[in-house]
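Here the structure is laid out as structure tokens; the discussion comes afterwards.
Residue numbers (the numbering used here): 22 to 204.
Put into structure tokens, the structure is as follows:
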């Protein structure tokens, strides 16, 4: 496995359902539900929903957690390291919720948000810690999965997202390799 490259296990972007970054919160909710239903029924092998910019380039992905985060936009203002340093790990979550007034009003205008908030307003685009190169060794991906606690990584070829490397696929390959050892 140490000689394997990311390209050997990646899933190309054309195998994933996609949504435009201009879609509304509600459209994203519907698309996620549709992707989940197709995945559970066996009609699709993917349930990760990729987000495309107006030029059709994949710029990120969206999950149910991202939708919840989109309801409470103040998370963009949270300075986690500062809060943890200031209050300690045990109090960090509570103090962040109080200090940033998180979840004070996100449900009061849920229907308005569902119709007016766009994915591009809250999606986190692919960042360095969640990307690997198509020809990177699999060891680089292991490090990114463990250190970043990601369930998938964006695979780049010449700075363009060409696929996703899912942790489940890497784990499956690792398990197959270990079982073949005859231990």
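Here a beta-carbon is modelled for each residue, glycine too, at the ideal position from N, C-alpha and C.
For residue j and residue i, believed in contact at Cβ under 8 angstroms, the rounded distance
{"i": "residue 33", "j": "residue 153", "result": "Between residue 153 and residue 33 the Cβ distance is about 15 angstroms, and since that is not below 8 angstroms, they are no contact."}
{"i": "residue 42", "j": "residue 87", "result": "Incorrect: roughly 12 angstroms between the Cβ atoms, too far for contact."}
{"i": "residue 46", "j": "residue 77", "result": "Not a contact, Cβ separation roughly 22 angstroms."}
{"i": "residue 190", "j": "residue 70", "result": "Not confirmed; about 18 angstroms, so no contact."}
{"i": "residue 140", "j": "residue 79", "result": "That belief does not hold up - the Cβ atoms of residue 140 and residue 79 are roughly 13 angstroms apart, past 8 angstroms."}
{"i": "residue 53", "j": "residue 89", "result": "In fact, because the Cβ distance is near 11 angstroms, the residues do not count as touching under 8 angstroms."}
{"i": "residue 60", "j": "residue 51", "result": "Not quite, the Cβ-Cβ distance comes to about 15 angstroms (not below 8 angstroms), so this is no contact."}
Rounded straight-line distance, which links the Cα of residue j to that of residue i
{"i": "residue 204", "j": "residue 179", "result": "41 angstroms"}
{"i": "residue 201", "j": "residue 133", "result": "55 angstroms"}
{"i": "residue 165", "j": "residue 48", "result": "31 angstroms"}
{"i": "residue 187", "j": "residue 158", "result": "15 angstroms"}
{"i": "residue 81", "j": "residue 199", "result": "33 angstroms"}
{"i": "residue 144", "j": "residue 23", "result": "34 angstroms"}
{"i": "residue 102", "j": "residue 64", "result": "Per-residue confidence for residue 102 stands at a pLDDT of 46, beneath the threshold of 50, marking its modelled position as unreliable; the derived number appears in the next sentence. Cα to Cα, residue 102 sits roughly 42 angstroms from residue 64."}
{"i": "residue 122", "j": "residue 169", "result": "With a pLDDT of 49 at residue 122, under the threshold of 50, the modelled position of this residue cannot be trusted; read the value that follows with caution. Spanning the two alpha carbons is a distance of roughly 27 angstroms."}
Terminal residues of the alpha helix (DSSP H) in which residue i lies
{"i": "residue 175", "result": "Per DSSP, residue 175 belongs to no alpha helix (DSSP H); it is in the beta strand (DSSP E), 173-178."}
{"i": "residue 56", "result": "46-62"}
Endpoints, beta strand (DSSP E) assigned at residue i
{"i": "residue 41", "result": "39-41"}
{"i": "residue 81", "result": "79-83"}
{"i": "residue 29", "result": "It is not in any beta strand (DSSP E) - residue 29 carries neither H nor E in the DSSP assignment."}
{"i": "residue 73", "result": "70-73"}
CB contact flag (residue i, residue j, <9 angstroms)
{"i": "residue 176", "j": "residue 36", "result": "no"}
{"i": "residue 26", "j": "residue 155", "result": "yes"}
heavy atom of the ligand GTP below 8 angstroms from residue i C-beta
{"i": "residue 92", "result": "What this structure holds is no ligand at all, so the ligand GTP is not there to describe."}
Run through the stretch 142-203 for me and flag every whole beta strand (DSSP E) of 3 or more residues, listed as ranges in chain order. 152-154, 173-178, 181-187
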